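Residue numbers (UniProt numbering): 1 to 360.
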Amino acid sequence: MTADDARFLRAALRYARWHLGRTGTNPSVATLIVSDGAIVGRGITAIGGRPHAETIALEEAGAAARGATAYVTLEPCAHHGRTPPCAEALVAAGVARVIAAVSDPDERVSGRGYAILREGGIAVLADCDPAGAGDVLGAYLTRSSKKRAQVTLKLAVSADGMVGRKGAGQVAITGAVARAQAHRMRAEHDAILVGIGTVLEDDPELTCRLEGMEPRSPRRIVLDTDARLPLGSKLVAGAAMPPVHVATADPLSDRARALAERGVRLIASETVDGRIALPELVEDLAALGIASVMVEGGAAVARAFLQEGLVDRIALFESDVLVGEGGIAAPFTGETLPAGFAVARRAVYGADRFMLAERP
Ligand code: AOF
Ligand code: ZN
Numbered sequence: 001m002t003a004d005d006a007r008f009l010r011a012a013l014r015y016a017r018w019h020l021g022r023t024g025t026n027p028s029v030a031t032l033i034v035s036d037g038a039i040v041g042r043g044i045t046a047i048g049g050r051p052h053a054e055t056i057a058l059e060e061a062g063a064a065a066r067g068a069t070a071y072v073t074l075e076p077c078a079h080h081g082r083t084p085p086c087a088e089a090l091v092a093a094g095v096a097r098v099i100a101a102v103s104d105p106d107e108r109v110s111g112r113g114y115a116i117l118r119e120g121g122i123a124v125l126a127d128c129d130p131a132g133a134g135d136v137l138g139a140y141l142t143r144s145s146k147k148r149a150q151v152t153l154k155l156a157v158s159a160d161g162m163v164g165r166k167g168a169g170q171v172a173i174t175g176a177v178a179r180a181q182a183h184r185m186r187a188e189h190d191a192i193l194v195g196i197g198t199v200l201e202d203d204p205e206l207t208c209r210l211e212g213m214e215p216r217s218p219r220r221i222v223l224d225t226d227a228r229l230p231l232g233s234k235l236v237a238g239a240a241m242p243p244v245h246v247a248t249a250d251p252l253s254d255r256a257r258a259l260a261e262r263g264v265r266l267i268a269s270e271t272v273d274g275r276i277a278l279p280e281l282v283e284d285l286a287a288l289g290i291a292s293v294m295v296e297g298g299a300a301v302a303r304a305f306l307q308e309g310l311v312d313r314i315a316l317f318e319s320d321v322l323v324g325e326g327g328i329a330a331p332f333t334g335e336t337l338p339a340g341f342a343v344a345r346r347a348v349y350g351a352d353r354f355m356l357a358e359r360p
């Protein structure tokens, strides 16, 4: 693989981010077709999941695909879905080389895509950037291999190690730039999750409110054993779109029924000591087609996900704000990351510092 190959593959991975959270149960995949150093075709899995990236890129490239190199973020599919397999389409178009970031664990594909390409005379470089692919395909790979939703824990921590103040409603810990980044992250996830305590305190909307990106708001999920979500809350008022799901112990209780009548979707959940059983919940979410969930509050919910070993990524914002008296202690800070997590990326957003930590 040449330096140019690595560059085009990274460009494809960046391109694939654009449809994160918008391709249904299908992963957001990107394809770039390059001929003589120029991009002659580009494709990204369409909103809703079809057509596939390769179909779109090959259509744009037309005859220029002959002898070209295709950069794909995921092994091209080998199965007959609503369209013929992408691997066959690449062969038919006369593509000379395929550079793929990671193989597709889908049992209809896993290795068969590469095999079709090679049998068709294409030079294949497989699994060239699994780490880079993890950034954009992590949710899909987690759902496929672990049969559960990928969990990103988002936390904003003050200079004195707090996530908020008791009984004070919302305390602004981070500034506008960090908040915009957090909203962008919402748009890249299939769902946002909070505990009922956070809803009762803050009455949040949990939408993406970046100008122009509002339609990319993900589903909202509330852990709510006893269906206490207030009928007058903003979540219930806006439950039609994007959907609000309440994980609750008894979907037939009066309160749960009242929520359902207002369009809230109920997830009948197992409980342990009065709390929603999280290992089962993340499996239920995957079954609902929710492959990635961003856990946003509060501290007790964050601790519960950590204790169960269900956190895949930590998105930590650290600010210079002091919360002081009555603060709610964060489960950890940048200096005391939970065991097993390593910093994958750092950034500065205005006055705030950001880190993305992952479990290798
Ligand atoms: C590709 N290119 O852009 C995507 C792929 O239901 P179907 O027929 O759309 O197939 C879904 C599967 O296709 C999905 O599980 C994954 O294996 C693959 N996704 N493959 O060649 C794409 N999005
Ligand atoms: Zn395909």
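Heads up, the beta-carbon is just placed ideally off N, CA and C, and yes, glycines get one too.
Being a predicted model, the structure only gives us computed values, none of them experimental.
Just grab the DSSP bridge partners of Asp273 for me.
Translated into positions along the sequence shown, residue 273 becomes position 273. Its beta-bridge partners do not exist; DSSP assigns none.
Is it right to say Gly154 is buried, meaning 16 or more other beta carbons lie within 10 angstroms of its own, or is it exposed?
Counting from 1 along the sequence shown, the entry for residue 154 is found at position 154. In the sequence as presented, Gly is not what sits at residue 154; that position holds Lys. By the 10 Å Cβ count, Lys154 comes out buried.
What three-state label does DSSP hand Gln150 in the structure shown?
Counted from its first residue, the sequence shown places residue 150 at position 150. Here Gln150 sits in strand by DSSP.
State the Cα-Cα distance for the pair Gly138 and Leu200, rounded to the nearest angstrom.
Numbered from its first residue, the sequence shown carries residue 138 at position 138. Numbered from its first residue, the sequence shown carries residue 200 at position 200. One C-alpha to the other measures close to 32 Å.
Whole angstroms is fine: what's the gap from Ala339's alpha carbon to Val311's?
Within the sequence shown, numbered from 1, the residue matching residue 339 stands at position 339. Within the sequence shown, numbered from 1, the residue matching residue 311 stands at position 311. Taking the straight line joining both Cα atoms gives about 11 Å.
With a threshold of 7 Å, establish whether the CB of Glu59 neighbours any heavy atom of the ligand ZN.
Indexing the sequence shown from 1 puts residue 59 at position 59. For the ligand ZN, not one heavy atom lies less than 7 Å from the Cβ of Glu59.
Enumerated in chain order, which unbroken segments of the alpha helix (DSSP H) with a length of 4 residues or greater are wholly contained in the segment 160 to 194?
176 to 188
Quick one: residues in its chain with C-beta nearer than 7 Å to the C-beta of Met1, no 5 flanking neighbours on either side, listed in chain order?
In the sequence shown, counting from the first residue as 1, residue 1 sits at position 1. Same-chain partners within the cutoff: Ile99, Leu125 and Cys128.
Mapping DSSP to helix, strand and coil, what is Asp5?
By 1-based counting over the sequence shown, the position of residue 5 is 5. DSSP places Asp5 in helix when its eight states are reduced to three.
Find the nearest neighbour of Ala347 within the set Glu318, Arg359, Phe332 and Gly113, judged by alpha-carbon distance.
On the sequence shown, position 347 is the one that residue 347 refers to. If we check each option's Cα against that of Ala347, Glu318 comes out closest.
Under 7 Å: does the beta carbon of His52 sit that close to some heavy atom of the ligand SAM?
In the structure on display, the ligand SAM does not appear, and the ligands it does have are the ligand AOF and the ligand ZN.
Need the endpoints of the alpha helix (DSSP H) that residue 367 sits in, please.
Outside the displayed range of the chain (1 to 360) lies residue 367, so it cannot be described from this structure.
Would Asp160 be called buried (16 or more neighbouring beta carbons within 10 Å of its own) or exposed?
Residue numbering aside, residue 160 sits at position 160 when the sequence shown is read from its first letter. Burial call: exposed.
For the beta strand (DSSP E) that Leu266 lies in, which residues bound it at each end?
As a working mapping, residue 266 is identified with position 266 in the sequence shown. Taken as a continuous stretch (DSSP letters only), the beta strand (DSSP E) holding Leu266 covers Arg265 to Ala268.
Under 7 Å Cβ to Cβ from Ile276, same chain only, skipping five residues before and after it: list those, please.
Counting from one through the sequence shown, the residue named residue 276 turns up at place 276. Cβ neighbours of Ile276 beyond the five flanking positions: Leu223, Thr225, Ala247 and Ser269.
Does DSSP put Asp284 in a helix, in a strand, or in coil?
Reading the sequence shown from its first residue, position 284 is the one you call residue 284. Asp284 falls in the helix class under three-state DSSP.
Quick one: give me the first and last residue of the alpha helix (DSSP H) that Ile56 is part of.
Sequence index remark: in the sequence shown, residue 56 carries index 56 (1-based). Ala53 to Ala61 is the span of the alpha helix (DSSP H), which, as asked, contains Ile56.
Status (buried if at least 16 other CB within 10 Å, exposed otherwise) for Pro331:
For the purposes of this step, residue 331 is identified with residue 331 of the sequence shown, where counting begins at 1. Looking at its Cβ environment, which holds 16 or more other Cβ atoms inside 10 Å, Pro331 is buried.
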